[in-house]
Amino acid sequence: MGRRDRIAEPWGRRTPYGRGASWPVRVDAALEDGIRGEDVERWVPSASILHSNGDALDIAVAGGRIVGVRGRGEDRVNHGRLDPKDLFAWRANASPDRLRAPLVRREGRLVETDWDTAMDEIVRTSRQVLDRHGPGGMGFYTSGQLFLEEYYTQAVIGRGAIGTNHVDGNTRLCTATAAQALKESFGSDGQPGSYGDIDHADVIALYGHNMAETQTVLWSRILDRLAGPEPPRILCVDPRRTPVSEAATVHLAPLPGTNLALMNGILHELITRDLVDRDYVDAHTVGFAELADRVRDYPAEEAGRISGVDPGDIREAAQLVASADRLLSTVLEGFYQSNQATAAAVQVNNVHLVLGMLGRPGAGVLQMNGQPTAQNTRECGANGDLPGFRNWSNEAHVAELAELWNVDVMHIPHYAPPTHAMQMIRYAEQGSLRFLWVTATNPAVSLPELRRIRSVLGDDRLFLVVQDLFRTETAELADVVLPAATWGEKTGTFTNSDRTVHLSEKAVDPPGAARSDLDIFLDYARRMDFRDADGNPLPNWHDPESAFEAWKRCSAGRPCDYTGITYERLRTEGGIQWPCTSDRPEGTERLYTEGGFWAAPDVCEDYGKDLLTGAPLEPTEYRAMNPSGKAVLKAAGYVPPHESPTAELPFVLITGRTLYQFHTRTKTGRAAQLNDAAPEVWAELSRGDAERLGAAEGDLLELINPRGRLRARLRITGIRDGTVFLPFHYGYWDQDADDGRAANELTVTDWDPASKQPIFKTAAVAVRRVAAGEGTPAPAPTTTASAPVTGGVPPTRGGPAAEVDESPDPGEDAGHHRGNGA
Amino acid sequence: MKLALALRELHRSERNLAVCLLHVAQRHRADAGVSHLAGDLARWSRQHVAELVTVGGRYGLRMRAEPTYGSQQVARFWRAAGDRFGNRPEMGLLLLADLRKVHRKAAGVSVVWELLAQGAQAAEDGELLDLARRCHPQSLRQMRWANARLKELSPQILVS
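The listed protein sequences derive, respectively, from chains A and B. Numbers given in the working numbering equal positions in the first sequence, counted from 1, plus 43. Numbers given in the working numbering equal positions in the second sequence, counted from 1, plus 99.
Okay, structure coming up:
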């Protein structure tokens, strides 16, 4: 067993393997100082909660406390490996500043109270708002970090019991475009590919996806392929130099906001050079003529002119993907949070469709998620979708829900697409939405244009409920704050980016009076006395497992069919991929294996949208376009971003994540190993731009535009010229100031017309140097995309506190790894 | 030939639609879901106008490509008004009225493109027909956008 500093080496030791071979097991384990394996009383099965990879792990419990974690070697997702965030952030569960009692606002201040007082206030206000404004006065803004059972309960309460159309999640910020791109191309949400495709691909293309930081374990799998025989070739599309681009055969660094032009350029090459799989296109798709017509305007020179990429590199990228025997593509926020997000992500699907690269080992698309349970928010209908991937525009689908919930079909809003988060904020701003319940997310730091967001959330007209672990920046604006249990303190299931469902069991009690989110929602429903048409309680379940069983009935016959999964199976077998039915009890590794899609008019989740205007297609239009349910090749022309650099604001701002922090740092900021690796906001510029500003590593910069300003130390990196990068994690809970630190002070209120995902990667800013660093480097990791290109910066290290066990031989302590704990 | 009449009418109504969209974009700047798209869609109409000016030359028409009289000043006025009053509840009803206007104007434009396409076929003017085939779908998309926004926003504005 080796020990390794996993802050210094986030991906751990290499375990090389060849194409088609099985990824070797490497079990990572981190225990509290002074605790040894034999001190652990129980190993409780769970999965990772600080990214979307869904790495299976066991939680170590001793003396009623969480004392560590260990990867599960036999799980299909991670083969034992864990991300540094999972290895260290469990410590945040026991932070002394966890919320232990509900808070209510009295004379302007939040004061502690009991559950009855807090819930009575929420119920009283709900009734008032329903009386005066109807269901449209009520909104729910949830998360990508709760459990499936909680989302489904929220969806039933919001859409079925209250009858509001305003239920969305912060998944809107991370994964809405993944869902929309899948719906546009394949008729329904549902990840086509599998993580196992990494084992078989000979070309892997990563579009706007710095996998090395966002899914470290998945990246380890690629690193192990790269270190083995027959390594895959990598295409990277990213305006920054990242660990992915360093490993790439071809790296395209487009000007932010021009992804669609670049993708059209690649498709132009594939089509004009006749590299298309005509048989696949003819048999399984519609829309090829329109696609060919549209991309005709984007020869490599034109695509290169728009995107600032060498036309030769575009041709080389096209050649690379076309040369693949098995092509795997992944897409993430570099596309999803940028101009023309859906249109660009759809072109990645189109590359696979025109090449016939779907449904075989190694030939797949992964439209990735950002958060651990984002997939469940989508499938359960707690974001802008109806439960079970049902189509709001298909009367029969809504009738199924009405029957399932035993409510009048008119009571379930379906007169328009479910309201997205930014529109809910707009309704609150105008005063027609008066009640907003925020669960497990922190919009006062994570939404764009924070000055505006603070003013909306802090408005006296809006009754704001915040349910969280800590007094977040959003909680500080709330009327009622509810203390919630978190991962390890409650039981439920969640599903990762490749449809793998895990059960996460309760290991310890939550602190103080904190309760699970599910219990809080069910308590609210009882106090509101929600009833179905026969006067029975709605929802009619009482604990996680009964909620899961109810969800299974809702999922039956839909693409995300869970009917073959039980808690008991998840306990004994580990992760299972949906759809899982009695016909397919082992689950389904890859979708669309026979070129069949869930795109038939009566089946599909969405009739699609105009990618430029966002106008939904009418059912009759879709029926005429795609009567037999083939995949849709959807095309779009390039439209420039709504905010472009000017003489006064010459830089394009892009925001993003770092490996060591998650979301607004509510947990990772409270784990010393992680926080010390990236303790403070920084700004990245290219060497040339830094020279033009006369600025050096560590100098204090000020970034300004009409929406706000912030100060950050400079890190000079391999980012493209004219672009400045800020990590978005840093807010105000751990410092006195309440302005000038969060990247979203500067971002623009704008969203993709189709997916409604906010655009965090095209704001214009001015940058000036305000003070010398005097030898202090930027507080940015050196191990990641923020690696310095100048010398003299000490490398990021975790030291002894960050040392983690890596078991090279899974057999050495056999029987120890299977944790059926609880 | 009366085709020139249709061209002139189309030029007039496309210019008019462009200005209308531009004003909507400014007036509803606080409503990002409307403002940005209205700006994008105004660009389509401006392109149509420019192309009509070129084609019109062949039919002896001398038409202006620029936006109409004073439209920039009016846009500035609406921008200031939008910034000042954009968050008032009454703006919701004004938005519905504006979207209805966009829908009506885009529908009008669309019908004239239809007429022009028919005329171009009868006149065997391939270039004009090609222009109509490229531009007409965009008019329809402008119309569908306004309709979609109306469908989405009206329940909240009318009931809550």
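In this text, a Cβ means the ideal position worked out from N, Cα and C, and glycines have one as well.
Check, Outcome
"Answer with yes or no whether the minimum CB distance from GLU251 (chain B) to chain A is below 7 angstroms.", "yes"
"From which residue to which residue does the beta strand (DSSP E) around MET181 (chain A) run?", "181-185"
"Using a Cβ-Cβ cutoff of less than 8 angstroms, which residues in the same chain neighbour GLU817 (chain A) once the five nearest sequence positions on both sides are dropped?", "GLY741"
"By Cβ distance below 7 angstroms, which residues in the same chain neighbour ILE92 (chain A) in space, the five residues on each side in sequence not counted?", "GLN188, PRO415, TRP530"
"Taking just the CA atoms, how far does ALA219 (chain A) sit from ALA797 (chain A)?", "9 angstroms"
"Return the CA-CA distance between THR606 (chain A) and PRO430 (chain A), expressed in angstroms with no decimal places.", "15 angstroms"
"Go through its chain and collect everything with a Cβ distance to LEU130 (chain A)'s Cβ below 7 angstroms, but skip five positions before and after it.", "ARG49, ASP71, ALA73, VAL112, VAL847"
"Please identify the residue among B:TYR158, B:SER134, B:ALA216, B:ARG107 whose C-alpha is closest to the C-alpha of CYS234 (chain B).", "B:ALA216"
"Count the other CB atoms, across all protein chains shown, that sit within 10 Å of the CB of THR869 (chain A); report buried if there are 16 or more and exposed otherwise.", "The requested residue 869 (chain A) does not occur in the structure, where chain A is confined to residues 44 to 865."
"Considering only residues of the same chain and omitting the five flanking positions on each side of ASN863 (chain A), which have a CB-CB separation below 6 angstroms?", "Reliability of the predicted coordinates at ASN863 (chain A) is poor, the pLDDT of 37 falling under 50, and no value is obtained from them."
"If you reduce the DSSP assignment to three classes, tell me which class ARG403 (chain A) lands in.", "strand"
"What residue from A:ALA720, A:VAL450, A:CYS647 has the CA that sits closest to ASN579 (chain A)'s CA?", "A:VAL450"
"Mind checking ASP856 (chain A): buried by the 16 CB within 10 Å criterion, or exposed?", "Its pLDDT being 45, under 50, ASP856 (chain A) is placed unreliably by the model, and the measurement read from it follows with that caveat. By the 10 Å Cβ count, ASP856 (chain A) comes out exposed."
"Does the segment 722-732 of chain A come into contact with the segment 753-770 of chain A, if we say contact requires no fewer than three beta-carbon pairs (one atom in each stretch) closer than 8 angstroms?", "yes"
"Does DSSP put ARG514 (chain A) in a helix, a strand or coil?", "coil"
"Closest to ARG514 (chain A) by C-alpha separation, out of A:LEU153, A:ALA406, A:HIS122, would be which residue?", "A:LEU153"
"Specify whether the segment 408-426 of chain A and the segment 828-835 of chain A touch according to this definition: at least 3 beta carbon pairs, one from each stretch, less than 8 angstroms apart.", "no"
"Going along the chain, which residues of its own chain have a beta-carbon closer than 6 angstroms to the beta-carbon of GLY308 (chain A), five neighbours each way excluded?", "TYR341, ALA343, ALA346, ILE357"
"At a CB-CB cut-off below 7 angstroms, which residues of chain A make contact with PRO236 (chain B)?", "What PRO236 (chain B) touches in chain A: nothing, since even the nearest Cβ is about 10 angstroms away."
"VAL110 (chain A): which of A:ARG784, A:VAL329, A:ARG134, A:SER231 sits nearest, CA to CA?", "A:ARG134"
"Determine the burial state of GLU226 (chain B): buried for a count of at least 16 other Cβ atoms within 10 Å of its Cβ, exposed for fewer.", "exposed"
"Please classify LEU257 (chain B) as buried or exposed, where buried requires at least 16 other C-beta atoms within 10 Å of its C-beta.", "exposed"
"Does DSSP put ARG25 (chain A) in a helix, a strand or coil?", "What the structure shows of chain A is the stretch from 44 to 865, and residue 25 (chain A) is not part of that stretch, so it cannot be assessed."
"In terms of alpha-carbon separation, which member of A:ASN437, A:VAL260, A:LEU278, A:ILE277 lies closest to GLY230 (chain A)?", "A:ASN437"
"What are the start and end residues of the beta strand (DSSP E) that includes PRO770 (chain A)?", "766-770"
"Between which residues of its own chain and ALA180 (chain B) is the CB-CB distance below 7 angstroms, once the five residues before and five after are set aside?", "ARG126"
"Are the segment 776-784 of chain A and the segment 298-305 of chain A in contact at 8 angstroms, needing three or more beta carbon pairs?", "no"
"With a 10 Å radius around its C-beta and 16 neighbouring C-beta atoms as the bar for buried, classify LYS101 (chain B) as buried or exposed.", "exposed"
"To the nearest angstrom, report how far apart THR760 (chain A) and GLU422 (chain A) are at their CA atoms.", "39 angstroms"
"How about VAL682 (chain A): is its C-beta nearer than 7 angstroms to some C-beta of chain B?", "yes"
"Could you work out which residue in A:ARG840, A:SER850, A:ALA161 is closest to ALA51 (chain A) when comparing CA atoms only?", "A:ARG840"
"Is ALA439 (chain A) helix, strand or coil by DSSP?", "helix"
"Determine, using beta carbons only, whether HIS122 (chain B) comes closer than 7 angstroms to chain A.", "no"
"Cutting at 6 angstroms between CB atoms, please list the residues of its own chain near ASP197 (chain B), excluding the five before and the five after it.", "VAL123"
"Within 10 angstroms of its Cβ, does ALA164 (chain B) collect 16 or more other Cβ (buried), or is it exposed?", "exposed"
"Does the Cβ of MET242 (chain B) have 16 or more other Cβ atoms within 10 Å, making it buried, or fewer, making it exposed?", "buried"
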